[in-house]
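Residues in the sequence shown are numbered consecutively from -14, following the numbering used here.
Glycine is no exception: its CB is placed at the ideal position from the N, C-alpha and C atoms.
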Amino acid sequence: MNEPDAAAEALDALPEIPRDDDGPVFREPWEAQAFAMTLRLYQQGLFTWPEWAETLTAEIKRAQDASDPDHGDTYYHHWLNALERLVAEKGVADERALNRYQSAWRHAAERTPHGEPIELEKRDFAD
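Structure (structure tokens):
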């Protein structure tokens, strides 16, 4: 299955995805990247769309139960949390590895001038 087919399937399976007439809409580049990572992992058979929808729904409910104001601007935060949860549950990466990459990403973002692409380097993974 190619990426456009997977994206169309995602839009069918998850009607709440922010979209316009052309497809998904992203506020920030990281949202598009999280969407693309999810498509790739789906294409590789890590999970099914019903499994993904169930995990995402549970993540949104968890956030709402914790008083998420749900103004529409947190959707992809829930998406990313659901992706991290599935990746951990499937044994692709454990919580320690995910935390290590989050820390490295923050470090790389802090040293990157505004408007420049963020690139992870070995030094970003210093423990």
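Runs of alpha helix (DSSP H) with 4 or more residues, each lying fully within the segment 17 to 84, are found at 34 to 50, 60 to 74, listed in chain order. With contacts defined by Cβ atoms closer than 9 Å, V77 and L31 form a contacting pair. Distance check between R70 and each of A(-8), T40, R108 places T40 closest, using alpha-carbon atoms only. With contact defined as three or more Cβ pairs closer than 8 Å, the segment 59 to 70 and the segment 11 to 25 are in contact. In the three-state DSSP reduction, R12 falls in the coil class, being neither helix nor strand.
Residue burial annotation: T23 is buried, with at least 16 other C-beta atoms found within 10 angstroms of its C-beta. When secondary structure is reduced to three states using DSSP, D5 falls in the strand class.
Residue environment for V72: buried (at least 16 other C-beta atoms within 10 angstroms of its C-beta). Cβ contact annotation for D7 (same chain, cutoff 6 Å, sequence separation greater than five): none. Shown here, E104 sits in coil according to DSSP, grouped into three states, outside any helix or strand. If you compare the alpha carbons of P35, I103, K75, F11 with that of D58, the shortest gap goes to F11.
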